[in-house]
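A.B. asks: If you scroll down you'll find the structure; I have some questions about it.
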Amino acid sequence: MNVDFIIVGQGIAGTSFAFELIKHNKTFVIVDQFKINTASRVALGIYNPLVLKWFTKAWDVDKQLAYFYDFYNDLNIFLGSKLYSDLGIYKFLKTPYDQNNWLAKQSNSNRSRYMSSELCSIPNAGLIDQKFYGVVKSAGRVDVRLLLNLFREHCINNNLLINKKLNYQDLHINSKFIQFEHVKSNNIIFCQGYSGINNPYFDNLRLKPTKGEILTIHSKDLKLKNIIHSGFLLSSTNNDYYSVGATYDWQDINAIPTLTAKKKLINNLKSVIRVDYRITNHEASIRPSSFDRRPLIGSHNKLKNLYILNGLGTRGILLAPYMSQCLINNIYKDIPIPNEININRL
Numbered sequence: 020m021n022v023d024f025i026i027v028g029q030g031i032a033g034t035s036f037a038f039e040l041i042k043h044n045k046t047f048v049i050v051d052q053f054k055i056n057t058a059s060r061v062a063l064g065i066y067n068p069l070v071l072k073w074f075t076k077a078w079d080v081d082k083q084l085a086y087f088y089d090f091y092n093d094l095n096i097f098l099g100s101k102l103y104s105d106l107g108i109y110k111f112l113k114t115p116y117d118q119n120n121w122l123a124k125q126s127n128s129n130r131s132r133y134m135s136s137e138l139c140s141i142p143n144a145g146l147i148d149q150k151f152y153g154v155v156k157s158a159g160r161v162d163v164r165l166l167l168n169l170f171r172e173h174c175i176n177n178n179l180l181i182n183k184k185l186n187y188q189d190l191h192i193n194s195k196f197i198q199f200e201h202v203k204s205n206n207i208i209f210c211q212g213y214s215g216i217n218n219p220y221f222d223n224l225r226l227k228p229t230k231g232e233i234l235t236i237h238s239k240d241l242k243l244k245n246i247i248h249s250g251f252l253l254s255s256t257n258n259d260y261y262s263v264g265a266t267y268d269w270q271d272i273n274a275i276p277t278l279t280a281k282k283k284l285i286n287n288l289k290s291v292i293r294v295d296y297r298i299t300n301h302e303a304s305i306r307p308s309s310f311d312r313r314p315l316i317g318s319h320n321k322l323k324n325l326y327i328l329n330g331l332g333t334r335g336i337l338l339a340p341y342m343s344q345c346l347i348n349n350i351y352k353d354i355p356i357p358n359e360i361n362i363n364r365l
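For the sequence shown, my numbering begins at 20 and goes up steadily by one.
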């Protein structure tokens, strides 16, 4: 079997790159052993143009968002499902200082299109505080698990998936092609997230892993259709289920849920809602952040048919489509990768 790319990993990075290849009429095979607690599958799936701690725009977000909508609208059609909801994020502004700061920052033309010009209320009896919310526009939620499951199903049905963990010793690489089992490819790209820390071909990535934990709760009485930010995120999913999270831990780097994080998330939740709920799931994963909080994309310094797409961190949902496009444009159109995301900066 001959293809243009072997893609190692089917998280949000690998899936985005694969769909970008489809859009460019290129062929691929994905090598990925299914795991339920990868960073992509545990992610809340929130896309957000702002850094809510400071009410500032996220890095390069205008370009990322512009491509995000084009990409996901195409993917909706391809997979035959609605994958994202542009709900907005309702940022709770507790103090008069917070409220005035929001309005002052909103008046800056650099970010005004992402911030509501007035504060609003959420008329929901299940919330402790129903007033003083600023609305983040061009924000919402991607159903990441649905996306990954549907794309994986497409790959299985078309014999484009090898469901196993990659053993690097099974790769046969030279300057002209890469061979893995029955697949012969012109190129290979590693979209491995945190596990890329063990990649012998890109052993200088300087990944800075971060553990994150989330809760899934069920509440018939909450009836919340919004995404709320109050120092943490509370997001409706479907059928009275909600996601709560996420925590950040730079020390305990494993995918094991902890009682400490669970208690923290429960306390956060108690500060926002006043209705009964039950916890239905508690999950942990490791985010693949980079040393400078910028993505890591590009080719190997010697083996030019080896590529990497990693380091997407907490904004992977928003970053993955645009980063995939940047890399595809570099490979097939010879458009330079910006220095701030090129692995040559390492």
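C-beta atoms are modelled at their ideal positions from N, C-alpha and C, and glycine is treated no differently.
Does N168 have its Cβ less than 8 angstroms from a Cβ in chain C?
C.D. replies: Included in the structure is just one protein chain, with no chain C present.
A.B. asks: Between I360 and the rest of its own chain, which residues show a CB-CB distance below 6 angstroms, the 5 nearest in sequence each way excluded?
C.D. replies: R313, P314, I316.
A.B. asks: Considering just the uninterrupted stretch of the alpha helix (DSSP H) at L284, what are its terminal residues?
C.D. replies: Run containing L284: 278-289, per the alpha helix (DSSP H) assignment.
A.B. asks: Should S238 and N245 be called a contact, given that it needs their Cβ atoms to be closer than 8 angstroms?
C.D. replies: No, Cβ-Cβ distance for S238 and N245 is not below 8 angstroms.
A.B. asks: For T266, is the classification buried or exposed, using 16 other Cβ atoms within 10 angstroms of its Cβ as the cut-off for buried?
C.D. replies: Flag for T266 reads buried.
A.B. asks: Using 8 angstroms as the threshold, is the C-beta distance between I49 and G33 below it?
C.D. replies: Taking 8 angstroms as the Cβ cut-off, I49 and G33 qualify as a contacting pair.
A.B. asks: For V2, report the span of its beta strand (DSSP E) as first-last.
C.D. replies: Given that the chain is displayed from residue 20 to residue 365, the structure contains no residue 2 and the question cannot be resolved.
A.B. asks: Which term fits P142, buried or exposed, when burial requires 16 or more other beta carbons within 10 angstroms of its beta carbon?
C.D. replies: Exposed is the call here.
A.B. asks: Just mark D51 as buried or exposed, buried being the case when its beta carbon has 16 or more other beta carbons within 10 Å.
C.D. replies: Burial call: buried.
A.B. asks: Determine the direct distance from the alpha carbon of N120 to that of L40, and round the result to whole angstroms.
C.D. replies: Computed Cα separation, rounded: 43 angstroms.
A.B. asks: So, G330 versus P357, is the Cβ gap smaller than 8 angstroms?
C.D. replies: In this structure, P357 does not lie closer than 8 angstroms to G330 by Cβ.
A.B. asks: Among the candidates S262, L169, D311, whose CA atom is the shortest distance from the CA of K227?
C.D. replies: Measuring from the Cα of K227, the nearest candidate turns out to be D311.
A.B. asks: Quick check for students: name the residue ranges of the alpha helix (DSSP H) that lie wholly in the region 301-354, counting only runs of 4 or more.
C.D. replies: Qualifying alpha helix (DSSP H) stretches, in chain order: 335-352.
A.B. asks: With a threshold of 8 angstroms, are at least 3 pairs of Cβ atoms found where one atom belongs to the region 73-83 and the other to the region 330-344?
C.D. replies: Counting Cβ pairs under 8 angstroms, three or more are found: they touch.
A.B. asks: Tell me whether the region 275-286 and the region 295-303 touch, counting them as touching only if at least three CB pairs, one residue from each stretch, are closer than 8 angstroms.
C.D. replies: Touching, yes, given that three or more Cβ pairs across the two stretches are closer than 8 angstroms.
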